[in-house]
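Below you'll find the structure, written out as structure tokens, and then a few comments.
Numbering (the UniProt record's numbering), first residue to last: 1 to 301.
As structure tokens, this is what we get:
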């Protein structure tokens, strides 16, 4: 059953469906020169678009992780070609790995760090989706999403946190969690699996930043309704270009003024200039955060 298409939440007056100048990854203001970037689920769809955006932005290295080696090799080649055409010297590497396997993921981090040094940006994009009602779903399929979306997120965060122990807080690393608008939508039958796992990852992302002692900035984004294999297989309507969340991630990773957007759920389609202009209101009113309605007194978060 597809998600409804007429209830998308809008926060800024301007709503984007494609890349615009303020988040253009080829802009000198958003240069990722010297940065080492790792993207899970980077062989296709949104993950590939994010990896490509960082390559366009001139990252020193872009590492893509996925479960299908053949797909990764194609992505590695295509991302490298895009980087070259953009005048970038980005080195692209791919690793076939399941994020649910902590040992394999740890090996990827060690291999990447040995070649390129500390990883500066990690994008948690790998995810699976199983639609079905709680009363009729296949339990093994249902739980497999928790293995990838929750355990996989935990493995990734732990590996990144451990690799960032020696980082100077004046140059913190960045973690971007690709989340879902489903977290704030009305309860929609058959979506419990995806929403529950994404809610867990969203919460862990907040704790990652809070527990890092200022060494890791952490954001959660809704990438938009982008045409991906997952969207096609589940009848999800699509509106945004995949390049949009990619460029938005580059903006987050290179813009320290965006730090106030941590601990919140933000959409890549929202206008970044308006978000920056609204900073005082967002912080004062505690906007874009998960909240428990009806309490009287100061905000809890």
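C-beta: ideal position from N, C-alpha, C; glycine also. Keep in mind that this is a model prediction, so the values were computed, not measured.
Return the bridge partner residues of residue 93 from the DSSP annotation.
DSSP, once it has assigned bridges, lists 63 as partnering residue 93.
Under 9 Å, do residue 59 and residue 35 count as touching if we go by C-beta distance?
Going by C-beta atoms, residue 59 is nearer than 9 Å to residue 35.
Of the choices 78, 111, 147, whose alpha-carbon is the least far from that of residue 128?
Per the Cα distances, 147.
On the CB-based measure, 16 or more other CB atoms within 10 Å of its CB, does residue 94 come out buried or exposed?
Answer is buried; the Cβ neighbour count reaches 16.
Look at residue 176 and residue 109 and say whether their C-beta atoms are less than 9 Å apart.
Residue 176 places its beta carbon 9 Å or farther from that of residue 109.
Residue 220 (DSSP reduced to helix, strand or coil)
Correct three-state label for residue 220: strand.
Cβ contact check for the region 70 to 87 and the region 97 to 111: 3 or more pairs under 8 Å
Short answer: they don't touch.
Quick check on DSSP: helix, strand or coil for residue 33?
Three-state DSSP puts residue 33 in a strand.
Per DSSP, what kind of secondary structure is residue 68 in: helix, strand or coil?
The answer is coil: DSSP assigns residue 68 none of H, G, I, E or B.
In this structure, does DSSP put residue 17 in helix, strand or coil?
Note: residue 17 maps to coil in three-state DSSP.
Quick check: residue 133 and residue 223, are their CB atoms within less than 9 Å of each other?
No, these two residues do not count as a Cβ contact at 9 Å.
Could you tell me whether the region 248 to 263 touches the region 159 to 179, where touching means 3 or more Cβ pairs closer than 8 Å?
Pairwise C-beta distances place the region 248 to 263 in contact with the region 159 to 179, as three or more of them are shorter than 8 Å.
Answer yes or no: do residue 285 and residue 263 have a C-beta to C-beta separation smaller than 9 Å?
Contact flag unset, no.
Residues bridged to residue 173 (per DSSP)
DSSP output for residue 173 lists 216 as bridge partner(s).
Residue 92 beta carbon less than 9 Å from that of residue 49:
No, the pair does not count as a contact, with Cβ atoms beyond the cut-off.
Straight-line CA distance for residue 303 to residue 24?
With the chain covering only 1 through 301, there is no way to say anything about residue 303.
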